[in-house]
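Contents: one structure, followed by commentary.
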Amino acid sequence: MILEELVGFCSQCGKPIHCLHGFLNGIVSDEKETLYCFQCYEEKEEAKSS
């Protein structure tokens, strides 16, 4: 049995983000409580450090 629940959408690319077996399959940023997929969050952090 797969436990998967839609939590929201990535604010950057619009990809659906799910909670899988109790674990969020994405990142909630601290500054604005914005939801990102892992790929967009990594790109955002790389751009910030450049």
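In the numbering used here, the protein residues as written are 44 to 93. Ideal placement from N, C-alpha and C gives every residue a C-beta, glycine not left out.
Proximity below 8 Å, CB of residue i to CB of residue j
i, j, result
"C83", "C62", "no"
Residue closest to residue i, alpha-carbon to alpha-carbon, out of the options
i, options, result
"E47", "C53, L67 and K58", "L67"
"E74", "K87, H64 and G65", "K87"
"C53", "I70, G65 and H64", "I70"
"G51", "G65, Y79, S72 and H64", "Y79"
"G65", "E76, K58 and L49", "L49"
Proximal residues to residue i (C-beta, below 7 Å), its chain only, five neighbours per side dropped
i, result
"I45", "none"
"K58", "F52 and C80"
Three-way DSSP call (helix, strand, coil) for residue i in this model
i, result
"E86", "helix"
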